[in-house]
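FYI, the numbering for the sequence shown is 1048 to 1303, going by the numbering used here.
What follows is a short report on a single structure.
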Amino acid sequence: MRPLSFWVRCLRVISFTIHDHEEKLMNHRPNFKLGALCLAALLATGAAGAATMRWAGANDILTVDPHAQNHQTTHAFLQQVYESLVRYDKAYKIEPALATKWTQVSPTQIRFELRKGVKFHDGAPFTADDVVFSLTRAMTPPSNMQSAVQSVKEVKKVDDHTVDLILKGPNPILLRELTEARIMNKAWAEKNNSLKSQDYAAKEENFAARNANGTGPFIMGGWQPDVKVTLKKNPNWWDKPTGNIDEVVFTPIKSA
């Protein structure tokens, strides 16, 4: 059970989210991470006997493309759909996610061993090709998630379940940055003409901006902008869910 202090902080984050401006949210990094962690905790906890969690807030998600926007509400939802190589545990410490192990080969070379048996929501297997593609996509303009891979010079495939990250220089906070680098399915992106990130600033639309195919605990059920966003439980998730929530419905409520 989480301590009362954690939920008090969550309430402060929710209050901040509802009453402040989006541009402040985008630069408010501690609350950004706590906000995402709060949502993950709520989904994992759930009310006894509940199947649907309903939530409302002042800001709608901006896009479903995991590399198009660095925005708090968008991230909080997309981290339930798309996963990263590593993630935060309940104590806010780094733990394995799509990577099971990492080794520092040299100060500027980190080797990640990838989790086997993981499937994307469409049933496609997760491989090193998806990691190389996704991190390179996040590094490349017009991606707005370059901060998550700012120290990465190159991503190399070693074999189907191993990748090397070649860094521009030593980076002691690399793993924390990688928690925000979401992994997509390369074949799905190729098929749907979404090899590059959506250019949100140019008001560009692409398939990945309205449709999602991740490996996470929830599947995108539908998005009606400014009306509601729905997530459905992924019955084939590689990890074991600790809550009892089957559906999440988020309703944005704009101030008058």
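Idealized CB from N, CA, C, for every residue including glycine.
When the Cα atoms are used, what is the spatial distance from residue i to residue j?
| i | j | result |
| --- | --- | --- |
| residue 1148 | residue 1160 | 5 Å |
| residue 1172 | residue 1248 | 32 Å |
| residue 1105 | residue 1206 | 45 Å |
| residue 1243 | residue 1189 | 8 Å |
| residue 1267 | residue 1108 | 12 Å |
| residue 1181 | residue 1220 | 20 Å |
| residue 1281 | residue 1144 | 16 Å |
| residue 1191 | residue 1269 | 23 Å |
| residue 1164 | residue 1273 | 37 Å |
| residue 1179 | residue 1216 | 19 Å |
| residue 1301 | residue 1114 | 25 Å |
| residue 1276 | residue 1155 | 40 Å |
| residue 1184 | residue 1112 | 11 Å |
| residue 1214 | residue 1224 | 13 Å |
| residue 1157 | residue 1201 | 11 Å |
| residue 1286 | residue 1146 | 13 Å |
| residue 1288 | residue 1166 | 16 Å |
| residue 1140 | residue 1131 | 14 Å |
| residue 1211 | residue 1199 | 10 Å |
| residue 1120 | residue 1110 | 10 Å |
| residue 1195 | residue 1262 | 19 Å |
| residue 1246 | residue 1122 | 17 Å |
Where does residue i land, buried or exposed, given buried means 16+ other C-beta within 10 angstroms?
| i | result |
| --- | --- |
| residue 1151 | exposed |
| residue 1253 | buried |
| residue 1118 | buried |
| residue 1197 | exposed |
| residue 1233 | buried |
| residue 1094 | Because residue 1094 sits at a pLDDT of 49, beneath the cut-off of 50, its placement in the model cannot be relied upon, and the point is left open. |
| residue 1153 | exposed |
| residue 1316 | Absent from the structure is residue 1316, since the part of the chain shown begins at 1048 and ends at 1303. |
| residue 1136 | exposed |
| residue 1230 | buried |
As a quick exercise: from the options, pick the residue whose alpha carbon is nearest that of residue i.
| i | options | result |
| --- | --- | --- |
| residue 1271 | 1209, 1256, 1155 | 1256 |
| residue 1226 | 1209, 1236, 1193 | 1193 |
| residue 1238 | 1260, 1228, 1218 | 1260 |
| residue 1264 | 1168, 1204, 1153, 1273 | 1168 |
| residue 1142 | 1186, 1222, 1217, 1276 | 1222 |
| residue 1284 | 1132, 1170, 1300 | 1170 |
| residue 1133 | 1218, 1162, 1258 | 1162 |
| residue 1176 | 1213, 1116, 1209, 1218 | 1209 |
| residue 1116 | 1279, 1262, 1250 | 1250 |
| residue 1187 | 1204, 1218, 1228 | 1228 |
Count the C-beta pairs between the stretch 1099-1110 and the stretch 1290-1302 that are closer than 8 Å, then say yes if the count reaches three, no if not. yes
Scan the stretch 1088-1145 and note each continuous beta strand (DSSP E) run of 3 residues or more that stays entirely inside, going in chain order. 1099-1104, 1133-1135, 1141-1143
When you compare the stretch 1284-1292 with the stretch 1119-1127, are there three or more beta-carbon pairs, one atom per stretch, that lie closer than 8 Å? no
Suppose only complete runs of 4+ residues qualify. What are the alpha helix (DSSP H) ranges in the stretch 1169-1205, listed by chain order? 1175-1186
Output the residue ranges of the beta strand (DSSP E) runs that lie fully inside the stretch 1211-1272 and measure 3 residues or longer, sorted by chain position. 1265-1271
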